[in-house]
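Sequential numbering of the sequence shown, starting at 16, is according to the working numbering.
Idealized CB from N, CA, C, for every residue including glycine.
Here the structure comes first, spelled out in structure tokens, and everything after it is commentary.
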Amino acid sequence: MAQTIRKAVFPAAGLGTRFLPATKASPKEMLPLVDKPLIQVSVEEAVASGIDSVLIITGRDKSAIENHFDISFELEHLLKEKGKTELFELVRSISDIAKISYTRQKEALGLGHAIYQAKDFAGDQPFAVLLADDVVDAETPALKQMVNVFEKYNAPVVATMQVEGEAISRFGVIDAEEVEPNVFRVKDMVEKPAFADAPSDLAIIGRYIFTPDIFGAIERTKPGAGGEIQITDAMRLMLKDRPFYAVKLQGTRHDAGDKLGFLIATVEFALKRDDLGSGLRDYLRSLDL
Ligand code: UTP
């Protein structure tokens, strides 16, 4: 059988400057999408895509994330005692979600550097990387769409989404050839091109599947923009040595690391909830905009 993906890495050591002051003492990955922290939303996506082993790369203030996935003895005991069985099960299930370990990125030297901290965890296996602040609302989980492509082509895969107009300049953009509907062989990639220079309308978003040779490429990557080790630069080095694929994801992506993107994601998710949707819809309709 083709090799599949069982391991996933969640870089969560960024400074989250776009979301200050909320991120002063708490990682942005703990911001809740309605009532679920972003990191849990993305770990659930990974588990639904076949992942059973998770590594979270933390920075300062890692305790909130660790505590969230740990058993909360006192809370569980109290909920049980008060007969709140459903809440007890909800809380308990979070600590059973996957095998989770943690490692620390001592300095925020960029996403490439954060991913490099997963070298021992990955060993000789391919692995996924998910950025929890990129929320993808999709019928088939975003990572699952990528795993399907990995299993077929046995090569690294990046997630992309179509971005119309000038907004493309905020992303890494691929130059690629479509090999089947929504699957592309990547020829090159450019970080934040001017609209006129963008090689396509396909923007790279925060989901990747890498093979272990990414670590050698990161070692060879010199610090780029902002003195950080950029993962796009490492991927460009890797492109010289091996085929690399991109998937155009089916679904809606929200940048929940950005205040407006976070608000939109919150409203979209709340509107879909049975317990909140109709109340929120009534409220939104009542607004005099
Ligand atoms: P972002 O580009 O969103 O950066 O990182 P950031 O620092 O978290 O946020 P802003 O832009 O200052 O508001 C993308 C992902 O990479 C992780 C972040 O935690 C986020 O999940 N990251 C980034 C690291 O783990 N380490 C780094 O050194 C940089």
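Own chain, CB closer than 7 angstroms to A280, minus 5 neighbours either side, in chain order: Sequence index remark: in the sequence shown, residue 280 carries index 265 (1-based). Taken in chain order, the residues that qualify are L48, V150, H269, A271.
For K167, three-class secondary structure by DSSP: Position 152 of the sequence shown, counted from the first residue, corresponds to residue 167. K167 falls in the helix class under three-state DSSP.
Residue from I244, V173, L126 with nearest C-alpha to L217: Within the sequence shown, numbered from 1, the residue matching residue 217 stands at position 202. Out of I244, V173, L126, V173 has the C-alpha closest to the C-alpha of L217.
Quick check: the segment 60-69 against the segment 141-148, are at least 3 beta-carbon pairs closer than 8 angstroms? yes
Cβ-based neighbour list, E181, same chain, cut-off 7 angstroms, excluding 5 preceding and 5 following: In the sequence shown, the residue the question calls residue 181 occupies position 166. Closer than 7 angstroms at Cβ, skipping near neighbours: F210.
Tell me which residues share the same chain as M253 and place their Cβ nearer than 8 angstroms to its Cβ, disregarding the 5 neighbours each side in the sequence. For the purposes of this step, residue 253 is taken as the residue at position 238 of the sequence shown. Leaving aside the five residues that flank M253 on each side, the residues in its chain whose CB is nearer than 8 angstroms to its CB run, in chain order, P171, D228, I229, A232, F259.
Roughly how far, in whole angstroms, is the beta-carbon of L158 from the beta-carbon of I246, given that I think they are within contact range, below 8 angstroms? Locating residue 158 in the sequence shown gives position 143, counting from the first residue. Locating residue 246 in the sequence shown gives position 231, counting from the first residue. Not quite, the Cβ-Cβ distance comes to about 17 angstroms (not below 8 angstroms), so this is no contact.
Using only Cβ atoms and a threshold of 7 angstroms, which residues come within that distance of a heavy atom of ligand 1? Order them by chain position. P26, A27, A28, G29, L30, G31, T32, R33, F34, K43, E44, I72, G74, Q120, A123, L124, G125, L126, H128, A129, L146, A147, D148, G221, E243, G272
In three-state terms, what does DSSP make of V24? Your numbering for residue 24 matches position 9 in the sequence shown. Strand at V24.
Cα separation between R257 and F25? One-based indexing of the sequence shown puts residue 257 at position 242. One-based indexing of the sequence shown puts residue 25 at position 10. Whole-angstrom Cα-Cα distance: 24 angstroms.
Output the distance between the C-alpha atoms of A37 and V194, rounded to the nearest integer angstrom. Taking the first residue of the sequence shown as 1, we reach residue 37 at position 22. Taking the first residue of the sequence shown as 1, we reach residue 194 at position 179. About 43 angstroms.
Taking G276 as part of the alpha helix (DSSP H), name the residues at either end of that continuous run. Residue mapping note: residue 276 aligns to position 261 of the sequence shown, counting from 1. Where G276 is concerned, the enclosing alpha helix (DSSP H) stretches over 274-286.
For A306, tell me which candidate among I71, K274, V205 has the shortest Cα-Cα distance. For residue 306 there is no data in the structure shown, the boundaries of the chain being 16 and 304.
Measuring only the C-alpha atoms, how far is D212 from K263? Counted from its first residue, the sequence shown places residue 212 at position 197. Counted from its first residue, the sequence shown places residue 263 at position 248. For D212 and K263, the distance between alpha carbons rounds to 20 angstroms.
Once you ignore the five residues that flank V106 on each side, which residues in its own chain have a CB closer than 7 angstroms to its CB? Your numbering for residue 106 matches position 91 in the sequence shown. Here the set comprises S87, L90, E91, L94.
Bridge-paired residues (DSSP) for I189: By 1-based counting over the sequence shown, the position of residue 189 is 174. DSSP lists M204 as partners of I189.
With Q55 as the anchor, note down where its alpha helix (DSSP H) starts and where it stops. Against the sequence shown, residue 55 aligns to sequence position 40. Unbroken alpha helix (DSSP H) run through Q55: 53-63.
Along the chain, where does the beta strand (DSSP E) that runs through R270 open and close? Working through the sequence shown from its first residue, we reach residue 270 at position 255. For the sequence presented, residue 270 should be read as Asp rather than Arg. That run of the beta strand (DSSP E) goes 267-270.
Taking Cβ to Cβ, would you say T19 is nearer than 8 angstroms to V162? Locating residue 19 in the sequence shown gives position 4, counting from the first residue. Locating residue 162 in the sequence shown gives position 147, counting from the first residue. In contact: T19 and V162 (Cβ atoms closer than 8 angstroms).
Selection from I130, I183, T100 that minimises the alpha carbon distance to E234: In the sequence shown, the residue the question calls residue 234 occupies position 219. Residue I130 is the option with its Cα nearest to E234.
Three-state secondary structure (DSSP) at L145? Locating residue 145 in the sequence shown gives position 130, where the first residue counts as 1. Residue state, collapsed to three classes: strand.
Please classify G98 as buried or exposed, where buried requires at least 16 neighbouring CB atoms within 10 angstroms. Within the sequence shown, residue 98 is the residue found at index 83, counting from 1. Exposed, since its Cβ has fewer than 16 Cβ neighbours within 10 Å.
Helix, strand or coil at Q160 [DSSP, three-state]: Working through the sequence shown from its first residue, we reach residue 160 at position 145. Note: Q160 maps to helix in three-state DSSP.
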